[in-house]
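Engineer:
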Amino acid sequence: MRRRTPIIATAVALAALTAAARAADAQEIDPNAETGILEAEGRSEKRELEEALRLRQKDIDRGRAYEAPGASSYYGLIGHDAEVRDAYYRIANGYQAAIEKGAPLDHPRVAAVRRHRDAMRAKVEAAGVFLATQSDDPPFRQFADPDDVAASRRQRDEREIFERTYIGDLHTAFDHAHDGHLRLTRENDVDAAVECLEKARRELDPSRFVDGLPGVERHPAWARTRDAIESRFAPAIEAAEKKTAADREAARAAVAELSGGRSAVERFVQSHGRTPTEPAARRERLAEVERFERNELPKLIGAIERFEATYGKDGDAVDARFEKIWGGRRLADRPTSPSSALADAYEAGEAIVKLRADHAATIMSGVATTVSLIEEYNPDIQVETLESTIPEVELALRFDPENAEAKALAPRLEGMTADLADAFVERAKSARMPERSYSGGDAAAIEAAIVDYFREDDGWGAASEHASEPLGAVLTSDWLVSSTNILGEPLNYEVETAVVFQRSTADGWERDHCVVFAMTMYTLSGREAARQGPPFEAVSIGEKTEILRENLPSDVGGGSGGEAFSLLFSCFAFVLLLGATAGTGLLFYRIAT
371 MRRRTPIIAT
381 AVALAALTAA
391 ARAADAQEID
401 PNAETGILEA
411 EGRSEKRELE
421 EALRLRQKDI
431 DRGRAYEAPG
441 ASSYYGLIGH
451 DAEVRDAYYR
461 IANGYQAAIE
471 KGAPLDHPRV
481 AAVRRHRDAM
491 RAKVEAAGVF
501 LATQSDDPPF
511 RQFADPDDVA
521 ASRRQRDERE
531 IFERTYIGDL
541 HTAFDHAHDG
551 HLRLTRENDV
561 DAAVECLEKA
571 RRELDPSRFV
581 DGLPGVERHP
591 AWARTRDAIE
601 SRFAPAIEAA
611 EKKTAADREA
621 ARAAVAELSG
631 GRSAVERFVQ
641 SHGRTPTEPA
651 ARRERLAEVE
661 RFERNELPKL
671 IGAIERFEAT
681 YGKDGDAVDA
691 RFEKIWGGRR
701 LADRPTSPSS
711 ALADAYEAGE
721 AIVKLRADHA
731 ATIMSGVATT
741 VSLIEEYNPD
751 IQVETLESTI
761 PEVELALRFD
771 PENAEAKALA
781 PRLEGMTADL
791 ADAFVERAKS
801 ARMPERSYSG
811 GDAAAIEAAI
821 VDYFREDDGW
831 GAASEHASEP
841 LGAVLTSDWL
851 VSSTNILGEP
861 LNYEVETAVV
871 FQRSTADGWE
881 RDHCVVFAMT
891 MYTLSGREAA
901 RQGPPFEAVS
911 IGEKTEILRE
921 NLPSDVGGGS
931 GGEAFSLLFS
941 CFAFVLLLGA
951 TAGTGLLFYR
961 IAT
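Here you go:
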């Protein structure tokens, strides 16, 4: 069979159309209906709809380009949908107008207009534009209470009132929900999406339709619109809202955890910043720092690690992450400057390190002063004083192992102490008991009375906390007037003496040794009682000298057991005078007899 040429096919089609037109013309219809058909056929709605669909697709394509990396805009799809719907409804309304003017449904030209309407509807729906109504939906007025309809202030044109107003509201509701979905998918603005969904649901509230007519929610278009909103848009928006709420709560909690850990550290540092002066208190301070680092500091470190794992380390990245969580909106419950919270947490952690370093520096400042002035201390306390700095340096290194001064001094201290101890022993070996320098009579009796004075006194004898056994005394001056009355008459006398004591480990001392004190003995006071001789009522103490027992005169216990004492003076200093330094004068005190 031969195929028709295009010209022949066109001629055949034209002939068919002409025959149809003649058949239609042959059917008699009401002139008013004829006018309606002509209006429905002759309008330009088809071209308008085609153009609206084309522009809509063009903007969709452009919008995809906008969504490329680095782009920030998104197209006005909702506005295009409204334009397409308007063009379609002009076509649908033309057909409906022709029917209402009496055009028969079976008239060929009416059927052609109906097919044209249905074809346009198919194009609209294929493009994804939502239409609330279907072609065979009943009018809204059929679902409203007749009495209310009759009472409507707009009853002169019920179709205009019910159909156009209600359909427009339904499409507005759908567009709100659609807009919310676009805000969510293209801008991640969850708050805006939720707001749009709420507006859509308010639009569907039957009470806000014209005159509040009941029964509107039973119309298929209303139910169709509600189902479209709830199935197509609501699930994603509500899921995003739930996740965002959880993300925001987690973000607030993360910032609060940082702030709480930082505050705990700041309170600790503020209350533990001053370095104690007593060694025992310093050791307790170190223990407190170590307990805090063991029990509390890990909370801050854990908060920082968890925060960084979720929101990043870089300040700009952290703030950008929070911007994303809050959808770019500045809400009242949003944490201010989360990057600053992270920086403050780091600073708080570093404050503990600085606290340790400050304590170590304070300790070493005191040690450095002691070491630099050690030669100015009394020789008999130099060793003990320098030895006391060794645990201080060790404590400083426990506070701050990187303290340069402590690291440099620690290995030298023992050698320095040993050198001082050697010098101390050498001085003890060469030390001698002073010789008697007294021109009066009965020196031995006076010296014996001095020994008895110290043996019987609670501060020096067996009743003292650490017993000091006086071995002997030697007078080193004659009697001097100690004080006088207004007439120049003596009130009491004094005499200088050297008294040697033995201090034994059996009596609680650290080591056995002998020590010679320079003393000034004072007689009883009063013009009548004043006399050059015992009893004594007070004593002032001068310098003391460590001495080997073998170097003592025999009448004060010298010689016997001297070898046992010759090696017992290294690293020893007996501190009796608080704050004594080289060149210190006599420290005066009185002991009531």
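Residue numbers (the working numbering): 371 to 963. A virtual CB, placed ideally from N, CA and C, is assigned to each residue, including glycine.
Can you find at least 3 beta carbon pairs, one from the stretch 762–770 and one from the stretch 723–736, that sit closer than 8 Å?
Structural biologist: yes
Engineer: Evaluate the contact criterion for the stretch 589–607 versus the stretch 630–646: three or more CB pairs, one atom per stretch, below 8 Å.
Structural biologist: no
Engineer: Could you spell out the range, first to last residue, of the alpha helix (DSSP H) harbouring F692?
Structural biologist: Here the question's residue 692 lines up with position 322 in the sequence shown. Run containing F692: 685–695, per the alpha helix (DSSP H) assignment.
Engineer: State the Cα-Cα distance for the pair D812 and T759, rounded to the nearest angstrom.
Structural biologist: Start at 1 with the first residue of the sequence shown, and residue 812 comes out as number 442. Start at 1 with the first residue of the sequence shown, and residue 759 comes out as number 389. Cα to Cα, D812 sits roughly 49 Å from T759.
Engineer: Name the residue from S847, E775, D539 whose alpha carbon lies nearest to the alpha carbon of A591.
Structural biologist: Here the question's residue 591 lines up with position 221 in the sequence shown. For A591, the nearest C-alpha among the options comes from D539.
Engineer: Indicate whether F692 and P668 have their beta-carbon atoms separated by less than 9 Å.
Structural biologist: Here residue 692 corresponds to residue number 322 of the sequence shown, with the count starting at 1. Here residue 668 corresponds to residue number 298 of the sequence shown, with the count starting at 1. Cβ atoms of F692 and P668: not closer than 9 Å.
Engineer: Would you kindly work out how many angstroms separate the C-alpha atoms of A798 and T915, rounded to a whole number?
Structural biologist: The residue you call residue 798 lines up with position 428 of the sequence shown. The residue you call residue 915 lines up with position 545 of the sequence shown. Each residue's alpha carbon lies about 8 Å from the other.
Engineer: State the DSSP-derived secondary structure class of P840, mapped to helix, strand or coil.
Structural biologist: Along the sequence shown, read from residue 1 onward, the residue named residue 840 stands at position 470. It is a strand residue.
Engineer: Determine the burial state of L918: buried for a count of at least 16 other Cβ atoms within 10 Å of its Cβ, exposed for fewer.
Structural biologist: As a first step, residue 918 must be located in the sequence shown, where it is residue number 548. By the 10 Å Cβ count, L918 comes out buried.
Engineer: How far does the alpha helix (DSSP H) with R644 in it extend, from its first residue to its last?
Structural biologist: Translated into positions along the sequence shown, residue 644 becomes position 274. It is not in any alpha helix (DSSP H) - R644 carries neither H nor E in the DSSP assignment.
Engineer: Can you tell me whether DSSP reads H548 as helix, strand or coil?
Structural biologist: Counting from 1 along the sequence shown, the entry for residue 548 is found at position 178. Helix, per DSSP.
Engineer: If you draw a straight line from the C-alpha of A673 to the C-alpha of Y716, how long is it?
Structural biologist: Your numbering for residue 673 matches position 303 in the sequence shown. Your numbering for residue 716 matches position 346 in the sequence shown. When rounded, the distance between both Cα atoms is 11 Å.
Engineer: Which runs of the alpha helix (DSSP H) fall wholly inside the stretch 597–675 and span at least 4 residues, in chain order?
Structural biologist: 604–641, 649–665
Engineer: For E764, does the three-state DSSP call read helix, strand or coil?
Structural biologist: Counting from 1 along the sequence shown, the entry for residue 764 is found at position 394. Judged by DSSP in its simplified three-state form, E764 adopts helix.
Engineer: Mapping DSSP to helix, strand and coil, what is F510?
Structural biologist: Along the sequence shown, read from residue 1 onward, the residue named residue 510 stands at position 140. If DSSP states are grouped into helix, strand and coil, F510 belongs with the helices.
Engineer: Any idea what DSSP makes of H358, helix, strand or coil?
Structural biologist: With the chain covering 371 to 963 only, the question about residue 358 has no answer from this structure.
Engineer: Is the stretch 887–904 in contact with the stretch 855–870, if contact means three or more CB pairs nearer than 8 Å?
Structural biologist: yes
Engineer: If you measure between the beta carbons of S807 and T846, is that distance less than 9 Å?
Structural biologist: In the sequence shown, residue 807 corresponds to position 437, counting from 1. In the sequence shown, residue 846 corresponds to position 476, counting from 1. Against a cut-off of 9 Å, the Cβ pair of T846 and S807 comes out as a contact.
Engineer: Starting from G464, trace the beta strand (DSSP E) both ways and give me its first and last residue.
Structural biologist: As a working note, residue 464 is residue 94 in the sequence shown. Not the beta strand (DSSP E): G464 falls in the alpha helix (DSSP H), residues 447–470.
Engineer: Taking the CB atoms as reference points, tell me whether L419 and Y465 lie closer together than 9 Å.
Structural biologist: Position 49 of the sequence shown holds residue 419. Position 95 of the sequence shown holds residue 465. No, the pair does not count as a contact, with Cβ atoms beyond the cut-off.
Engineer: Roughly how many angstroms separate the alpha carbons of E660 and L725, rounded to a whole number?
Structural biologist: Counted from its first residue, the sequence shown places residue 660 at position 290. Counted from its first residue, the sequence shown places residue 725 at position 355. Roughly 12 Å between the two C-alpha positions.
Engineer: DSSP three-state label for A473, please.
Structural biologist: Taking the first residue of the sequence shown as 1, we reach residue 473 at position 103. A473 falls in the coil class under three-state DSSP.
Engineer: Smallest Cα separation from E587: which of F513, T680, E920?
Structural biologist: In the sequence shown, residue 587 corresponds to position 217, counting from 1. Ranking the options by Cα distance to E587, first place goes to F513.
Engineer: Work out the CA separation of A868 and D848 for me, nearest whole Å.
Structural biologist: For this step, residue 848 is matched to residue 478 along the sequence shown. For this step, residue 868 is matched to residue 498 along the sequence shown. Their backbone Cα atoms lie some 13 Å apart in a straight line.
Engineer: Sorted by chain position, which residues of the same chain lie with C-beta nearer than 6 Å to S838's C-beta, five sequence neighbours on each side aside?
Structural biologist: By 1-based counting over the sequence shown, the position of residue 838 is 468. Around S838: W830, F871, R873.
Engineer: Output needed for S852: all residues of its chain with C-beta closer than 7 Å, excluding positions within five of it in sequence on either side, in chain order.
Structural biologist: Numbered from its first residue, the sequence shown carries residue 852 at position 482. Counting only Cβ-Cβ distances below 7 Å, and skipping sequence neighbours, we find N862, Y863, E864, Y892.
Engineer: Per DSSP, which one or two residues make a beta bridge with F769?
Structural biologist: As a first step, residue 769 must be located in the sequence shown, where it is residue number 399. F769 is not bridged to any residue.
Engineer: If you drop the 5 nearest sequence neighbours on each side, which residues of the same chain put their C-beta closer than 7 Å to that of T854?
Structural biologist: Taking the sequence shown and counting its residues from 1, the one referred to as residue 854 is at position 484. The answer, listed in chain order, is P860, L861.
Engineer: What did DSSP end up calling M803 once you bin it into helix, strand or coil?
Structural biologist: Taking the sequence shown and counting its residues from 1, the one referred to as residue 803 is at position 433. In the structure shown, M803 sits in coil (DSSP, three-state: anything other than H, G, I, E or B).
Engineer: Which residue's Cα is closest to the Cα of I695: H642, E619, S633?
Structural biologist: Against the sequence shown, residue 695 aligns to sequence position 325. Nearest option by C-alpha distance: E619.
Engineer: What separation, rounded to the nearest whole angstrom, lies between the Cα atoms of A793 and V885?
Structural biologist: Numbered from its first residue, the sequence shown carries residue 793 at position 423. Numbered from its first residue, the sequence shown carries residue 885 at position 515. Taking the straight line from one Cα to the other gives about 16 Å.
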